[in-house]
Each structure stands twice: as C-alpha cells, then as structure tokens.
Amino acid sequence: MKPSEIPHYFNIFPTGKIIVPVCIGDLPMSDYIITDETLTEEVAAYLDSNPLVPGAIILHDGRVKSIIPRQKMFERLGRRYGVELFLRRPILKLEQDLGSDALVLKSHLSINIAVKLALSRVQTRIYDPIIVELENGELRLLDMYVLLLSQSQLSQNLSGIITSLNNIEMMLGSDQGKFSTTLELILEGMESVVPTHHTHVYLNLEEDGGFFAHPNIRYQQRLLERNSIFASVVSLNQPIVVEDVNRVPGWSSGEFPPRTRCWLGAPVISPNGPVGLLSLSRATYSPFTNHEKETALVFARYIGKLIENSVNQIEKQKVFDKKYSIRQGN
Numbered sequence: 265m266k267p268s269e270i271p272h273y274f275n276i277f278p279t280g281k282i283i284v285p286v287c288i289g290d291l292p293m294s295d296y297i298i299t300d301e302t303l304t305e306e307v308a309a310y311l312d313s314n315p316l317v318p319g320a321i322i323l324h325d326g327r328v329k330s331i332i333p334r335q336k337m338f339e340r341l342g343r344r345y346g347v348e349l350f351l352r353r354p355i356l357k358l359e360q361d362l363g364s365d366a367l368v369l370k371s372h373l374s375i376n377i378a379v380k381l382a383l384s385r386v387q388t389r390i391y392d393p394i395i396v397e398l399e400n401g402e403l404r405l406l407d408m409y410v411l412l413l414s415q416s417q418l419s420q421n422l423s424g425i426i427t428s429l430n431n432i433e434m435m436l437g438s439d440q441g442k443f444s445t446t447l448e449l450i451l452e453g454m455e456s457v458v459p460t461h462h463t464h465v466y467l468n469l470e471e472d473g474g475f476f477a478h479p480n481i482r483y484q485q486r487l488l489e490r491n492s493i494f495a496s497v498v499s500l501n502q503p504i505v506v507e508d509v510n511r512v513p514g515w516s517s518g519e520f521p522p523r524t525r526c527w528l529g530a531p532v533i534s535p536n537g538p539v540g541l542l543s544l545s546r547a548t549y550s551p552f553t554n555h556e557k558e559t560a561l562v563f564a565r566y567i568g569k570l571i572e573n574s575v576n577q578i579e580k581q582k583v584f585d586k587k588y589s590i591r592q593g594n
C-alpha cells in the first residue's frame with residue numbers, strides 16, 4: 265500500500281486502535297506556535313514538512329490572537345495572486361484576509377462537550393483546529409479530525425457494550441477461563457466506555473501464591489479498617505465518586521495512584537461478603553458522571569463473580585490434591 269493510500273488515522277494512531285481518552289488533553293496535539301510577525305513562507309515550509317500538524321497558533325504580545333488552519337492557508341496561497349500577496353509577508357496579513365479566529369478550550373473537558381462547543385462555531389469555522397490550554401498554562405492545537413474520530417470511537421464503544429457484556433457473561437458462565445484473561449476482558453470492556461488514567465482492583469484477601477496475579481490487582485490486608493473511603497464504598501454497597509480529591513479533608517494518597525484528581529470506587533462483592541473494591545482514577549479534573557458510576561458498578565459485580573469462581577476453583581483444586589495425596593500415601 266502506498267503512503268498516500270494509508271488511512272489518515274493510522275498516521276495519528278499507528279496501531280490502528282483508537283483509545284478513548286479521559287479528556288481532550290489526552291489526545292494527540294501539536295505545539296507549533298508563532299507570532300503574528302512570522303513570515304508566511306516560514307509557516308508554509310513548516311506545515312509542508314509536518315503533514316500531521318493542523319495549523320499554527322498565533323500570538324501577539326505573548327497572548328493568543330488567532331490560528332492559521334493548514335487547509336485554509338494552503339487553499340488561499342493556491343488561489344490567484346496568493347503567493348505574491350502573502351508568501352513573503354508576515355502571517356498577520358494572511359490571518360486578516362482569512363478572518364481567522366480561535367476557540368480556546370480547557371484540557372480537562374470531555375470529548376463530547378468539546379465537540380458540542382466546536383460545532384457551535386459559525387459554519388465557516390466548524391472544522392478549524394481548536395486551541396487547548398493545558399493545566400500548566402501551555403497551549404496545544406487539536407485537529408478537529410482527531411476530536412471527531414475519538415467521539416466516533418466512543419459512540420462505537422457504547423453501541424457495542426451489549427456484545428461486550430454478553431462475552432463477559434459467557435466467560436464467567438463457562439467457569440473455564442483463566443483469571444487473568446477474564447479480568448482483562450472485564451477491564452477492557454469497562455475502560456472502553458469509562459475512560460480512566462489508572463484502574464486497580466484492591467483485594468482484601470491474603471496472598472494466593474499468584475492465582476490472582478494481574479498488573480491491575482493490588483492486595484490490601486485490612487483495607488477497610490485503614491481507609492474510611494474504602495470502608496464507605498463497601499459498607500454502603502454503592503459506588504462513591506470524589507470529584508476533586510484536593511477538596512477532601514484528610515485524603516490520603518497512600519493507596520491511590522500518584523496525581524489522582526478525580527476518583528471513583530465501586531464495591532467488589534462475592535456471596536461471602538466484600539472482597540475489595542474497583543478503583544478508577546483520573547489525573548485531570550474530569551469528574552465521573554452518574555452514568556459512568558453506574559456502569560463501573562456493573563463491571564465491579566462481574567469482577568466479584570470472577571473472584572467467586574476463582575476461589576471455588578482453588579477450593580476444588582485443594583480437595584483434589586488432598587485426595588490424590590491420600591491415594592499416593594496408600
């Protein structure tokens with residue numbers, strides 16, 4: 265396949281897998297920033313050699329003035345007298361001719377909200393790139409194509425959630441799947457519709473010699489006694505959302521991933537009682553919605569069922585080993 269025939273999204277997401285981010289700040293973006301005195305020739309050369317950069321952010325006296333969208337710039341230069349009028353002059357002249365503007369959004373905004381705001385612009389600017397302001401104040405330029413592609417993937421994930429749940433139930437019902445494989449299926453299904461930066465399952469169980477081995481599993485003895493938030497999740501048998509951990513007095517980061525800003529905990533319950541909780545963390549101020557909270561609870565229940573199945577397998581193996589040992593002794 266020739267490079268020109270490769271779908272554009274493969275250049276942005278080389279694996280072909282479009283991961284749904286927590287917020288727009290997680291999306292691939294460019295950082296090409298110029299002043300309004302930069303020569304158009306210089307901008308054109310840079311964009312020509314960097315085909316994935318959607319345009320340039322224009323500053324005046326250190327502040328955002330507007331943007332130059334890639335497509336509009338090359339279209340104008342390609343029209344009659346475009347090169348003669350603008351190429352060797354400051355980009356300010358081309359910006360004024362295009363009537364460029366800038367939409368600046370905070371990096372913590374969700375994909376859907378950002379799409380709504382972007383599409384509310386005047387028709388001639390709907391597909392212009394968006395300036396994204398990071399939490400540290402830095403600026404990035406987001407291609408509308410990337411934003412819409414991510415929204416499309418999220419919609420596709422939501423429409424396929426029933427299939428995902430059916431696959432999980434089949435695995436749990438067969439009682440034959442490996443623990444790590446089934447847990448991976450559960451977490452992958454959840455994260456496709458409830459994006460997070462960190463996902464962990466905290467088990468209030470003793471070490472099992474590796475049976476529950478998985479990168480997302482954490483063992484926490486006396487978990488409920490040590491952490492009041494964990495205890496509340498399990499005792500209420502309901503998920504709890506912390507919109508901003510910085511506003512919670514006494515919040516301890518010891519049991520949580522670093523840079524946690526928003527947190528969701530859902531109880532993991534087996535027939536014998538609580539065995540731990542599902543912990544979802546976001547590093548940006550992107551609070552979990554009620555729908556995400558209820559969705560996480562559904563997947564936490566699947567994890568509880570998986571733990572139950574696995575414990576039963578362990579007990580069956582112990583009985584088998586004991587009988588085998590007795591027979592060998594005879």
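In terms of our numbering, the sequence shown opens at residue 265 and continues consecutively. Beta carbons are placed, not taken as given, at the ideal position from N, Cα and C, and that holds for glycine. These numbers come from a predicted model, not from an experiment.
Ends of the beta strand (DSSP E) at R327? Along the sequence shown, one-based indexing puts residue 327 at 63. For R327, the enclosing beta strand (DSSP E) stretches over residues 327-333.
Roughly how many angstroms separate the alpha carbons of L561 and Y466, rounded to a whole number? Against the sequence shown, residue 561 aligns to sequence position 297. Against the sequence shown, residue 466 aligns to sequence position 202. Taking C-alpha positions only, L561 is separated from Y466 by approximately 15 angstroms.
Using three-state DSSP, classify K442 as helix, strand or coil. Along the sequence shown, one-based indexing puts residue 442 at 178. If DSSP states are grouped into helix, strand and coil, K442 belongs with coil.
Length at least 3, wholly inside the segment 522-553: the beta strand (DSSP E) runs in chain order: Within the segment 522-553, the complete beta strand (DSSP E) runs of at least 3 residues fall at 526-534, 537-546.
S496 and T524 - do their beta-carbons sit closer together than 7 angstroms? Looking up residue 524 in the sequence shown gives position 260. Looking up residue 496 in the sequence shown gives position 232. Contact flag unset, no.
Once the 5 residues before and after V458 are set aside, which same chain residues still bring their CB inside 6 angstroms of it? In the sequence shown, residue 458 corresponds to position 194, counting from 1. The beta carbon of V458 lies closer than 6 angstroms to those of E556, T559, A560 in the same chain, with the five residues before and after it left out.
Reduced DSSP category for I321 - H, G, I as helix; E, B as strand; rest coil: Here residue 321 is taken as the residue at index 57 of the sequence shown, counted from 1. Note: I321 maps to strand in three-state DSSP.
Scan the segment 418-466 and note each continuous alpha helix (DSSP H) run of 4 residues or more that stays entirely inside, going in chain order. The qualifying runs are 425-438, 443-455.
Identify which residue in R565, A320, G529 has its Cα closest to the Cα of L595. No statement about residue 595 is possible, as the shown extent of the chain runs from 265 to 594 and does not include it.
Which word fits I355, buried or exposed, when buried means at least 16 other C-beta atoms lie within 10 angstroms of its C-beta? For the purposes of this step, residue 355 is taken as the residue at position 91 of the sequence shown. By the neighbour-count rule (16 or more Cβ atoms within 10 Å), I355 is buried.
Per DSSP, what are the beta-bridge partners of I297 in this structure? As a working note, residue 297 is residue 33 in the sequence shown. I297 is bridged to I321.
Nonlocal neighbours in the same chain, by C-beta distance under 6 angstroms from S330, ignoring five residues either side: Taking the first residue of the sequence shown as position 1, residue 330 is located at position 66. Non-local beta-carbon contacts of S330 in its own chain, meaning distances under 6 angstroms to residues more than five positions away in sequence, involve I322, E359, S364, D365, A366 in chain order.
Throw me the rounded Cβ distance for the F563 and G453 pair, which I believe falls under 8 angstroms. One-based indexing of the sequence shown puts residue 563 at position 299. One-based indexing of the sequence shown puts residue 453 at position 189. The C-beta distance from F563 to G453 rounds to 7 angstroms, short enough to meet the 8 angstroms contact threshold.
Are the CB atoms of K380 and D397 within a distance shorter than 7 angstroms? Residue mapping note: residue 397 aligns to position 133 of the sequence shown, counting from 1. Residue mapping note: residue 380 aligns to position 116 of the sequence shown, counting from 1. According to the sequence as given, residue 397 is Glu; it is not Asp. No, they are not a contact pair.
Let's test the definition: count the other Cβ atoms within 10 Å of the Cβ of Q417 and tell me whether it reaches 16, buried, or not, exposed. Here the question's residue 417 lines up with position 153 in the sequence shown. So Q417 ends up on the buried side.
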